[in-house]
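Chains as they are written, first to last, in our numbering: chain V, 365 to 500; chain L, 396 to 1069.
Built from N, CA and C at the ideal position, the CB exists for glycine as well.
Here the structure is a predicted model, which is why all the values come from computation and not from measurement.
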């Protein structure tokens, strides 16, 4: 179990899902907060839902309010960065670039990517936490 | 054990910090940090990191809550860390506030590392800027900012206290301070702290004996006095020494004035920078900046108004001061006002609260305005200009909410006498803003739209707009706070109270117009008001000031309402409070009284109050009281029955559609017979 958890964790780093910010989170985890990392990740996923919904909604309105989209995405990106979600962050940046040039199709497409990465990481992390819990 | 020790040391540290006794060797452990970030994930991570640094952490998800916390716990925190992009309030605004009100070191954070944003942090006075994601190492050293600040404060205090002669002593002082500091390097911070404490506690040699704390609390009154003094001297010639002399506040040191002046200048500079952008567009355009400013101003105004009940003179004075300050800087009326607003806001606890509220309101207002302006801008403005009236109504409505509008209206009525600005504006009674606002055209449209939003429109808009050819001023008004103000003022006339302007209908329009005029003065956020009041007294240099809010109003007001300027303005009132904050309030009062004399009666006022309360948009509860006051006053002024009726009618006609939204309101206004 432990090995499995460790293996999965390393894979996440190797495959670029997580970056060193995740390490910072792990460093913060100690005996006073033994589940800190999981707690923060959970917090992220709960909060990011509303941001995603907000973007969805804004993307539907025409004419597209790119400024607002950029603003929301900035928030979402900041959040993702704080937990070390590397791939998600990358897609967010891409989305913002499309916003800057007013590329609607690009934005819509890219947003799908963002959501995909967001969901993929969630699955992987959930799996990882589960293993980590069982290992304890 | 670690935990136990930590907590103990934390407590001890905090205690020692406060008392200035031997500082615990645990420092910087126990540093009291307030973290503000709307992102819960980041907040949680920061909290944990700071706790790991053995700091005492308090987290906040909203800037307003943070401000309240800070205000309620004076000296309860050592440093503030804030995110730049927050939904309810701009991080830089919070930074300004904290710096001015509490003089705490503020560290900004953002994922945005672009040079412009970082520069903005610097210019706004942040003592550091962290790029997200924030690392533990970065947080470990934030205590240095606290020490540095205390050291500087202490030095200042020392210099002030020991130096009767500013120049001579100062020279000596620095040396002394330096020596002191250097000798106390080991326990540098500690010693500084101690010294400060000692000096603060026992030092009588200076008039600063009354100041126990290192930091001077710039209350509304004090700030008002400060602003008055600055205005008297002229912003360029205002030197701490002279300001201190003019203020004649026992216990206040030149250092206090100097540092406050520095902040004030920064504030004004910022304001002036914005208005141009914002105003240029016609308030609506710049919206962000303009609104912000206007809103802020309005916020101030509101506050002023609000507190007018409490501190009428002060608010007016402050507002005026703000306005004046702004004016001198730039025409950016709306903007400066806003800033001033900020400054003023913290003067009073109430004010402060108001400020915060203002922010809210500002924000709200801004939002409203934004919404409105945009709509208004294109169409409304045009419409406004033409219709004038409709907008006025809208504005009125809007204003009513803010309660300030009432004051504005009154101002508007009054302004006649005073402000040149009004004249400058274009003599549009309604919203003389134009000149100040930057977009005369706008003023009108906005007010209308504003009103519509609020639904107040009835009373407010028709009148004011009509008369006011100056759209901008009106617009501005409505936009930022003016809307509120005008709304307020208008309601007075229309008795609709705040948003209920519509009830007045046509008559309101007229009244509104007059109100608007007056309120226009308001809208500019106090400034207008101040101007109004000032105009009379000529104490204000408002005339010169860009914040022509007042002026426009004046002219407008006069034309509209037959209310004698004197009535509205109550020169006596204004003259007392040159400072603006107070004046504004006083003016408002005057205005109100005038208004009441008009005949609207108390209904108006009454209506206003409640509406104000409802309009929670911006008006804070505190403000409301003022508004009520104003409202009542106004009705009198507006007393012109036919005006009111016409207004009401107009409003009713136009209001219906307007009430719902800003956007369409404008057009509807056109329908108004006004």
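Name the chain V residues that come within less than 8 Å of residue 506 of chain L, Cβ to Cβ?
438, 441, 442, 445
Residue 421 of chain V at chain L interface by Cβ criterion, 8 Å:
Not an interface residue.
Along chain L, in chain order, which residues have C-beta atoms closer than 8 Å to that of residue 411 of chain V?
Scanning chain L for C-beta atoms nearer than 8 Å to the C-beta of residue 411 of chain V yields 434, 435, 436, reported in chain order.
For residue 420 of chain V, three-class secondary structure by DSSP:
helix
Contact between the stretch 387-398 of chain V and the stretch 439-453 of chain V is defined here as three or more beta-carbon pairs at a separation below 8 Å; is this criterion met?
Yes, the stretch 387-398 of chain V touches the stretch 439-453 of chain V.
When burial is assigned at 16 or more other CB atoms within 10 Å of the CB, is residue 632 of chain L buried or exposed?
Per the 10 Å Cβ criterion, exposed.
CB contact below 8 Å: residue 449 of chain L versus chain V
No - not a single Cβ of chain V is within 8 Å of the one on residue 449 of chain L.
State buried or exposed for residue 653 of chain L, treating a residue as buried only when at least 16 other CB atoms are found within 10 Å of its CB.
buried
Less than 8 Å between the CB atoms is what I'm expecting for residue 495 of chain V and residue 451 of chain V, so what's the real figure, rounded?
Not a contact, Cβ separation roughly 21 Å.
Rounded C-alpha distance that separates residue 374 of chain V from residue 667 of chain L:
54 Å
Are any of the Cβ atoms in chain L nearer than 8 Å to that of residue 385 of chain V?
Residue 385 of chain V belongs to the set of residues whose beta carbon lies under 8 Å from a beta carbon in chain L.
Given this structure, state the Cα-to-Cα distance separating residue 352 of chain V from residue 543 of chain L, to the nearest angstrom.
Outside the shown range of chain V (365 to 500) lies residue 352 of chain V, about which nothing can therefore be said.
Let's test the definition: count the other Cβ atoms within 10 Å of the Cβ of residue 431 of chain L and tell me whether it reaches 16, buried, or not, exposed.
buried
Span of the beta strand (DSSP E) holding residue 427 of chain L?
For residue 427 of chain L, the enclosing beta strand (DSSP E) covers residues 427-431.
Determine whether the Cβ of residue 530 of chain L lies closer than 8 Å to any Cβ atom of chain A.
Among the protein chains in the structure shown, which are V and L, there is no chain A.
Shorter than 8 Å from the beta carbon of residue 408 of chain V to some beta carbon of chain L?
yes
State buried or exposed for residue 540 of chain L, treating a residue as buried only when at least 16 other CB atoms are found within 10 Å of its CB.
Looking at its Cβ environment, which holds 16 or more other Cβ atoms inside 10 Å, residue 540 of chain L is buried.
Interface residues of chain L around residue 404 of chain V at Cβ under 9 Å?
436, 439, 440, 443
Note down, one range per segment and in chain order, each beta strand (DSSP E) of at least 3 residues found wholly within the stretch 470-535 of chain L.
Counting only unbroken stretches of 3 or more residues, the beta strand (DSSP E) elements lying wholly within the stretch 470-535 of chain L are 474-478, 501-505, 523-526, in sequence order.
Own chain partners of residue 459 of chain V with C-beta closer than 7 Å, once the 5 adjacent residues on each side are dropped:
437, 471, 474, 475, 478
What do you reckon, are the CB atoms on residue 407 of chain V and residue 435 of chain L nearer than 8 Å?
yes
In terms of DSSP beta bridges, what is residue 449 of chain V paired with?
V:382
Cβ neighbours of residue 327 of chain V in the same chain (closer than 6 Å, five flanking residues each side left out)
Residue 327 of chain V lies beyond the stretch modelled for chain V, which goes from 365 to 500, so this question has no answer here.
Using DSSP with H/G/I as helix, E/B as strand and the rest coil, what is residue 455 of chain L?
strand
Measure from the C-beta of residue 527 of chain L to each C-beta in chain V and report whether the shortest distance is under 8 Å.
yes
What's the C-alpha gap between residue 470 of chain L and residue 454 of chain V?
42 Å
Could you check how far apart the C-beta atoms of residue 490 of chain L and residue 520 of chain L are, in whole angstroms? I think they sit under 8 Å.
Their Cβ separation, rounded to whole angstroms, is 6 Å, which keeps residue 490 of chain L and residue 520 of chain L in contact under 8 Å.
Flag residue 540 of chain L as yes if its beta-carbon sits less than 8 Å from any beta-carbon of chain V, otherwise no.
no
Does the separation of the CB atoms of residue 641 of chain L and residue 649 of chain L fall below 8 Å?
No, the Cβ-Cβ distance between residue 641 of chain L and residue 649 of chain L is not below 8 Å.
Chain L contact residues for residue 392 of chain V, given Cβ-Cβ distances below 8 Å:
440, 443, 444, 447, 531
Are the beta-carbon atoms belonging to residue 426 of chain L and residue 474 of chain L less than 8 Å from one another?
yes
Alpha carbon of residue 450 of chain L to alpha carbon of residue 444 of chain L, nearest angstrom
9 Å
Is it buried or exposed for residue 481 of chain V, if we count other Cβ within 10 angstroms and need 16 for buried?
When all chains shown are included, residue 481 of chain V counts as buried.
When burial is assigned at 16 or more other CB atoms within 10 Å of the CB, is residue 659 of chain L buried or exposed?
Buried, since its Cβ has 16 or more Cβ neighbours within 10 Å.
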